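J.: Right, I'll just put the structure down here and ask away after.
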Amino acid sequence: MLISPALAAAINTQIGNELAASLQYHQIAAHFHDLHLLQLATLFHKQAAEEREHAEKLLKYVVDTGGGLRIPAVRQPVHTFPNAEAAVEAALSWELEVTGQIKGLMDLAASEGDYLAQGFLQWFVDEQLEEVTKMQRLLGVIRMSGERNLLSVEAYLVHGS
28 MLISPALAAA
38 INTQIGNELA
48 ASLQYHQIAA
58 HFHDLHLLQL
68 ATLFHKQAAE
78 EREHAEKLLK
88 YVVDTGGGLR
98 IPAVRQPVHT
108 FPNAEAAVEA
118 ALSWELEVTG
128 QIKGLMDLAA
138 SEGDYLAQGF
148 LQWFVDEQLE
158 EVTKMQRLLG
168 VIRMSGERNL
178 LSVEAYLVHG
188 S
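Residue numbers (the numbering used here): 28 to 188.
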């Protein structure tokens with residue numbers, strides 16, 4: 028086995044977290060779809076697919092290192108949001124939470140001297156900077172446009188966010 032039981036368990040937990048994020052992003056996409064804001068809906072559907080891909084990368088790593096795959100129960104997504112700002116705030120909050128989770132995995136790998144895991148997890152560290160930045164920018168644009176001008180957010184997304 029190329030991974031400690033503790034790190035395998037922690038990565039298994041993260042697999043569940045990433046799958047939960049995928050479901051949450053689909054729910055956020057549905058919120059925007061219901062408002063006929065198709066660019067925002069598409070953005071969050073793509074984000075959901077990306078989170079599922081993250082789970083699959085983690086899953087493959089656990090299997091490849093002989094850690095024993097144990098996918099946990101996935102938490103239920105929030106189903107409703109009072110407005111667009113709240114939906115994107117939820118996404119940003121999630122990305123900040125995941126950043127802390129990935130840091131915890133990296134800390135555990137470092138404390139165990141697991142250089143394979145550290146190398147693998149570095150991609151996720153880098154990815155979190157991109158994810159947090161994307162959600163911060165989107166939230167800023169939504170706040171500037173206001174709930175009554177979400178079509179300007181749609182235009183922003185079409186013309187190169």
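From the three backbone atoms N, C-alpha and C, an ideal C-beta is built for every residue, glycine too. Every value quoted in this text rests on a predicted model; they were computed, and no experiment measured them.
How many whole angstroms separate the CB atoms of residue 66 and residue 181, which I take to be in contact at a CB cut-off of 8 Å?
T.: With a Cβ gap of about 4 Å, residue 66 and residue 181 count as contacting.
J.: Tell me the rounded alpha-carbon separation between residue 34 and residue 132.
T.: Taking the straight line joining both Cα atoms gives about 7 Å.
J.: Within 10 angstroms of the Cβ of residue 142, are there 16 or more other Cβ atoms? Answer buried if so, exposed if not.
T.: That one is exposed.
J.: Just checking my contact of residue 174 with residue 122 at CB under 8 Å: how many whole Å lie between their CB atoms?
T.: Wrong, their Cβ atoms sit about 22 Å apart, outside the cutoff.
J.: Can you confirm whether the region 153 to 169 touches the region 46 to 66 when touching is taken to mean that 3 or more C-beta pairs between the two stretches lie within less than 8 Å?
T.: Output reads no: the region 153 to 169 does not touch the region 46 to 66.
J.: Can you tell me which of the three DSSP states residue 105 falls into?
T.: Reduced to three states, the DSSP call for residue 105 is coil.
J.: Counting Cβ pairs closer than 8 Å, one from the region 37 to 49 and one from the region 96 to 106, do we hit at least three?
T.: Short answer: they touch.
J.: Check the C-beta distance from residue 7 over to residue 117 and give it rounded, since I have them as a contact under 8 Å.
T.: The shown model of the chain, from 28 to 188, leaves out residue 7, and the question about it has no answer.
J.: Where in the region 64 to 94 do unbroken runs of the alpha helix (DSSP H), each at least 4 residues long, occur, reported from the N-terminal end onward?
T.: 65 to 91, all fully within the region 64 to 94.
J.: Is residue 124 buried or exposed, if buried means 16 or more other CB atoms sit within 10 Å of its CB?
T.: Counting Cβ neighbours within 10 Å, residue 124 comes out exposed, since fewer than 16 surround it.
J.: For residue 61, tell me which candidate among 80, 110, 146 has the shortest Cα-Cα distance.
T.: Of 80, 110, 146, the residue nearest in Cα terms is 110.
J.: Ignore the nearest five residues each way along the sequence and tell me which others in residue 128's own chain have a CB closer than 7 Å to its CB.
T.: Here the set comprises 41, 44.
J.: Quick test of your reading: residue 115 and residue 165, contact by CB under 8 Å. State the CB separation rounded to the nearest angstrom.
T.: Yes, they are in contact, since the Cβ atoms of residue 115 and residue 165 sit about 5 Å apart, within 8 Å.
J.: Which of helix, strand or coil does DSSP assign to residue 61?
T.: Three-state DSSP puts residue 61 in a helix.
J.: Among the residues of its own chain, which have a CB less than 7 Å from the CB of residue 135, if the five just before and after it don't count?
T.: Result list for residue 135: 33, 34, 37, in chain order.
J.: Which one of 31, 57, 70 has the shortest CA to CA distance from residue 184?
T.: Comparing Cα positions, the closest option is 70.
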